[in-house]
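>
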Amino acid sequence: MNKQSLPYTVVFSFIVCFAFVFLLSLTHQATREQVQLNQQLRLQRSVLSALAIDYQDDQEVLQLFDDIETVERNGMTLYRIDRDDEVLYARIFAGSGLWGTINGVVGVNEDVSRTVALEIIDHNETPGLGGRVDEPEFKRQFRDKPLDDGKIDVIREGDTEGVDGRINAITGATGTSNAIETILNREFERLRDALRGEA
Amino acid sequence: MSDSAKQPGQILKQNMWTANPIFMQILGICSALAVTNLLSNTMIMTLGVVFVTGMSNLTVAIIKSLIPRKVRMVVQTLIIAFYVIIVDIVLRAYLPEISRNLGPYVGLIITNCIIMGRAEAFAQSNPPLLSLWDGITSGMGYMGVLLSIALVRELLGFGALFGFQVLPAGFEPWIIMVMPPSAFFLIGVITWGGKYLMHRQGEPVLEGE
Chain P
104 MNKQSLPYTV VFSFIVCFAF VFLLSLTHQA TREQVQLNQQ LRLQRSVLSA
154 LAIDYQDDQE VLQLFDDIET VERNGMTLYR IDRDDEVLYA RIFAGSGLWG
204 TINGVVGVNE DVSRTVALEI IDHNETPGLG GRVDEPEFKR QFRDKPLDDG
254 KIDVIREGDT EGVDGRINAI TGATGTSNAI ETILNREFER LRDALRGEA
Chain H
648 MSDSAKQPGQ ILKQNMWTAN PIFMQILGIC SALAVTNLLS NTMIMTLGVV
698 FVTGMSNLTV AIIKSLIPRK VRMVVQTLII AFYVIIVDIV LRAYLPEISR
748 NLGPYVGLII TNCIIMGRAE AFAQSNPPLL SLWDGITSGM GYMGVLLSIA
798 LVRELLGFGA LFGFQVLPAG FEPWIIMVMP PSAFFLIGVI TWGGKYLMHR
848 QGEPVLEGE
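Quick mapping for you: the protein sequence lines, in order, are chains P and H.
Residues 104 to 302 in the numbering used here are what the first sequence spells out, letter by letter.
Residues 648 to 856 in the numbering used here are what the second sequence spells out, letter by letter.
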């Protein structure tokens with residue numbers, strides 16, 4: 104058979120493509136559930152962190168997430184949990200950082216006068232500078248932080264510990280720090296609108 | 648380049664050292680800049696490249712006599728893409744954290760010139776097992792250089808190795824080491840060092856004097 108002829112080339116290309124794509128779809132099918140579970144777990148882990156709920160492993164994440172109610176308010180999806188006589192809400196947000204979108208989850212109390220916690224899902228900030236938004240030292244500042252007049256204020260110097268609404272900026276990352284301030288204050292505004300009349 | 652060397656030992660030496668894809672052939676350096684700031688990411692990424700280079704070389708060598716000349720490169724690309732997507736799927740399912748860190752770079756292994764280069768230059772004209780070996784050693788040559796870059800970058804950029812803090816807390820991280828340009832400088836230094844050593848050993852040097 105002439106291996107350089109047109110019919111051979113067409114048939115050969117077809118068979119090769121078919122075989123490889125077939126194998127690929129088998130692999131894809133075989134791992135699809137695992138991939139979906141990973142994505143679901145990632146979201147659930149972030150929501151739990153934003154509501155300041157601790158977990159050990161994936162099994163516990165799924166279990167703890169059962170206590171969380173998903174509610175719709177003003178077209179926004181909120182995650183709600185009753186704890187210690189109060190109702191807490193978490194919302195997934197997206198906003199522009201310095202280089203790209205910052206995705207995260209923020210937890211607040213019912214009248215949005217206090218943040219419960221902050222979790223960053225992903226970001227494209229400069230590693231080692233703005234990228235430190237994802238480090239515990241930065242996020243810890245949002246643990247049960249009372250807001251000042253419904254807002255946070257990211258400041259470069261001065262006391263932040265025990266001062267309402269004040270958050271320490273990230274050194275050398277003014278752009279990212281300002282972005283976080285803008286994104287979160289906008290989210291607080293939206294959450295207040297959505298939760299008005301709930302209390 | 649002399650691909651006349653058909654001995655496994657010679658192939659190993661060529662691919663790891665005298666014709667190292669990164670510092671002798673200057674191939675595949677785009678990913679060398681992007682994925683070398685943390686050792687664990689580099690490790691997984693380069694293992695992926697070793698797997699893809701080896702397997703695509705093997706596959707090309709097995710079916711080479713069946714491939715019509717007109718579609719030769721298309722078929723090679725298809726084979727390479729196939730293995731890369733397998734790596735991507737496996738990472739996504741079983742190492743989601745690392746898959747997220749590597750982002751688009753796993754998919755971009757397809758465009759890594761080393762793999763296409765080996766398929767064209769070696770697998771097309773050599774038996775399957777030798778091609779597999781050539782692919783694996785080429786991948787290892789790439790791996791060796793990338794890991795040494797990552798070692799310096801993670802150590803100086805984060806004060807850590809494989810995520811474990813090894814330098815004392817008072818150490819001030821070098822921000823430049825975290826950013827891509829530092830990999831450029833390090834590749835330059837490695838290329839210089841490698842070529843200098845080769846001159847000293849009297850190895851025939853590939854490129855212009």
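We put the beta carbon where it would ideally sit given N, CA and C, even for glycine.
From the DSSP secondary-structure annotation, give me the bridge partner or partners of A197 of chain P.
Locating residue 197 of chain P in the first sequence gives position 94, where the first residue counts as 1. Answer by DSSP bridge pairing, in chain order: P:N206.
> Going along chain P, which residues have a C-beta under 9 Å from G804 of chain H?
What you label residue 804 of chain H is simply residue 157 of the second sequence in a count that begins at 1. Residues of chain P passing the Cβ test: P230, G231.
> Would F698 of chain H and V792 of chain H qualify as a contact pair, given that the criterion is a beta-carbon distance under 8 Å?
Mapped onto the second sequence, residue 698 of chain H falls at position 51. Mapped onto the second sequence, residue 792 of chain H falls at position 145. Not in contact: F698 of chain H and V792 of chain H (Cβ atoms no closer than 8 Å).
> Please go through the stretch 229-281 of chain P and give each complete alpha helix (DSSP H) segment of 4 or more residues, from N-terminal end onward.
Those alpha helix (DSSP H) runs which fall completely within the stretch 229-281 of chain P and span 4+ residues are 239-242.
> May I ask you to list the residues that DSSP assigns as paired with A807 of chain H?
Numbered from 1 along the second sequence, position 160 holds the residue referred to as residue 807 of chain H. For A807 of chain H, which the question treats as bridged, DSSP gives the partners H:Q812.
> Which residue marks the beginning of the beta strand (DSSP E) containing M179 of chain P, and which one marks its end?
Position 76 of the first sequence, counted from the first residue, corresponds to residue 179 of chain P. M179 of chain P -> beta strand (DSSP E) spans 179-186.
> Taking the continuous beta strand (DSSP E) assigned at E222 of chain P, which residues delimit it?
As a first step, residue 222 of chain P is located in the first sequence; it is residue number 119 there, counting from the start. Per DSSP, E222 of chain P belongs to the beta strand (DSSP E) from 217-225.
> Given a threshold of 16 other Cβ atoms within 10 Å of its Cβ, counted over all protein chains shown, does D608 of chain H qualify as buried or as exposed?
Past the boundaries of the shown model lies residue 608 of chain H; chain H is included only from 648 to 856, so the question cannot be answered.
> Does any residue of chain P have a CB that is nearer than 8 Å to the CB of N688 of chain H?
The residue you call residue 688 of chain H lines up with position 41 of the second sequence. Output row for N688 of chain H: interface = no.
> Cα-Cα, which of P:F123, P:E163, P:G178, P:V266 is closest to R217 of chain P?
For the purposes of this step, residue 217 of chain P is taken as the residue at position 114 of the first sequence. The shortest C-alpha separation from R217 of chain P is found at P:V266.
> Decide if M648 of chain H is buried, meaning its Cβ has at least 16 other Cβ atoms within 10 Å, or exposed.
Within the second sequence, the letter at position 1 stands for residue 648 of chain H. For M648 of chain H, the predicted model reports a pLDDT of 45, less than 50, meaning its position is unreliable; a value from the coordinates is still stated below. Exposed, because fewer than 16 other Cβ atoms sit within 10 Å of the Cβ of M648 of chain H.
> What span of residues does the alpha helix (DSSP H) with E175 of chain P cover, start to end?
Against the first sequence, residue 175 of chain P aligns to sequence position 72. Note, E175 of chain P: premise wrong, no alpha helix (DSSP H); beta strand (DSSP E) at 172-176.
> Can you find the residues in the same chain that come closer than 8 Å, C-beta to C-beta, to P655 of chain H, ignoring five residues on each side of it along the sequence?
Numbered from 1 along the second sequence, position 8 holds the residue referred to as residue 655 of chain H. These residues qualify, in order along the chain: L777, W780.
> Check each candidate in P:F196, P:D225, P:L181 and name the one with the smallest Cα separation from N212 of chain P.
The residue you call residue 212 of chain P lines up with position 109 of the first sequence. Closest by alpha carbon: P:L181.
> Just the C-alpha distance for L146 of chain P and D188 of chain P, rounded to the nearest angstrom, thanks.
Position 43 of the first sequence, counted from the start, is the residue given in the question as residue 146 of chain P. Position 85 of the first sequence, counted from the start, is the residue given in the question as residue 188 of chain P. Between L146 of chain P and D188 of chain P, the C-alpha separation is close to 26 Å.
> Name, in chain order, the residues that DSSP records as bridge partners for N212 of chain P.
Within the first sequence, numbered from 1, the residue matching residue 212 of chain P stands at position 109. P:L191, per the DSSP bridge assignment.
> By the 10 Å Cβ neighbour count, where 16 or more other Cβ atoms means buried, how is N688 of chain H classified, buried or exposed?
In the second sequence, counting from the first residue as 1, residue 688 of chain H sits at position 41. Its Cβ being crowded by 16 or more others within 10 Å, N688 of chain H is buried.
> Look at V219 of chain P and G233 of chain P and say whether their C-beta atoms are less than 8 Å apart.
Here residue 219 of chain P refers to the residue found at position 116 when the first sequence is read from its first residue. Here residue 233 of chain P refers to the residue found at position 130 when the first sequence is read from its first residue. Not closer than 8 Å, so no.
> Taking Cβ to Cβ, would you say L221 of chain P is nearer than 8 Å to A272 of chain P?
Taking the first residue of the first sequence as 1, we reach residue 221 of chain P at position 118. Taking the first residue of the first sequence as 1, we reach residue 272 of chain P at position 169. Their beta carbons are not under 8 Å apart, which means L221 of chain P does not touch A272 of chain P by this criterion.
> Got a sec? Which residues, its chain only, sit under 8 Å from L738 of chain H by beta carbon, not counting five neighbours each side?
As a first step, residue 738 of chain H is located in the second sequence; it is residue number 91 there, counting from the start. Result list for L738 of chain H: I691, G695, I745, S746, L749, V753, in chain order.
> Compare the C-beta of Y318 of chain P against all C-beta atoms of chain H and say whether one is closer than 8 Å.
Because chain P in this structure spans residues 104 to 302, residue 318 of chain P falls outside the shown range and cannot be described.
> Consult DSSP for P820 of chain H and reduce its assignment to one of helix, strand or coil.
Counted from its first residue, the second sequence places residue 820 of chain H at position 173. Residue state, collapsed to three classes: coil.
> Determine whether the Cβ of L705 of chain H lies closer than 8 Å to any Cβ atom of chain P.
As a working note, residue 705 of chain H is residue 58 in the second sequence. With 8 Å as the cut-off, L705 of chain H does not count as an interface residue toward chain P.
> Excluding sequence positions up to five away, which residues of its chain have a Cβ less than 6 Å from the Cβ of D251 of chain P?
Indexing the first sequence from 1 puts residue 251 of chain P at position 148. D267, G268.
> Can we say the stretch 669-685 of chain H touches the stretch 826-843 of chain H, given the rule of at least three CB pairs closer than 8 Å?
With the cut-off at 8 Å, the stretch 669-685 of chain H and the stretch 826-843 of chain H touch.
> Tell me whether N748 of chain H sits in a helix, a strand or coil according to DSSP, three-state version.
Residue numbering aside, residue 748 of chain H sits at position 101 when the second sequence is read from its first letter. Note: N748 of chain H maps to helix in three-state DSSP.
> Report the residues of the stretch 706-723 of chain H with a CB closer than 9 Å to any CB of chain P, ordered along the chain.
For the stretch 706-723 of chain H, which is checked against every Cβ of chain P, the residues closer than 9 Å are I710, S712, L713, I714, P715, R716, K717, V718, V721, V722.
> Quick check on this structure: which residue in P:G275, P:D247, P:K248 has the alpha carbon closest to the alpha carbon of E260 of chain P?
The sequence position of residue 260 of chain P within the first sequence is 157, counting from 1. Among P:G275, P:D247, P:K248, the Cα nearest to that of E260 of chain P belongs to P:G275.
> Please list the residues of the stretch 660-686 of chain H that have a C-beta atom closer than 8 Å to any C-beta atom in chain P, keeping them in chain order.
Cβ contacts with chain P: N684.
> Could you tell me whether the stretch 700-707 of chain H touches the stretch 726-735 of chain H, where touching means 3 or more Cβ pairs closer than 8 Å?
As far as the Cβ criterion goes, the stretch 700-707 of chain H touches the stretch 726-735 of chain H, which means the pair count is three or higher.
> Please report how far the alpha carbon of E172 of chain P lies from the alpha carbon of G810 of chain H, in whole angstroms.
Working through the first sequence from its first residue, we reach residue 172 of chain P at position 69. Working through the second sequence from its first residue, we reach residue 810 of chain H at position 163. Those two C-alpha atoms are separated by around 36 Å.
> Might you give, ordered along the chain, the residues of its own chain that have their beta carbon closer than 7 Å to the beta carbon of L151 of chain P, omitting 5 neighbours on each side?
By 1-based counting over the first sequence, the position of residue 151 of chain P is 48. Excluding residues within five positions, the ones whose Cβ falls inside 7 Å are Y158, V164, L167, F168.
> What residue range does the alpha helix (DSSP H) around E729 of chain H cover?
Looking up residue 729 of chain H in the second sequence gives position 82. In the sequence under discussion, the amino acid at residue 729 of chain H is Phe, which differs from the Glu named in the question. It spans 719-741 - the alpha helix (DSSP H) in which F729 of chain H sits, taken as one unbroken run.
> Residues of chain P with CB closer than 7 Å to the CB of A766 of chain H, please, in chain order.
Taking the second sequence and counting its residues from 1, one reaches residue 766 of chain H at position 119. Result: empty, since nearest Cβ-Cβ is about 14 Å, beyond 7 Å.
> Compare the Cα-Cα distances from I796 of chain H to each of H:I676, H:S785, H:T665 and report the closest residue.
Residue numbering aside, residue 796 of chain H sits at position 149 when the second sequence is read from its first letter. The shortest C-alpha separation from I796 of chain H is found at H:I676.
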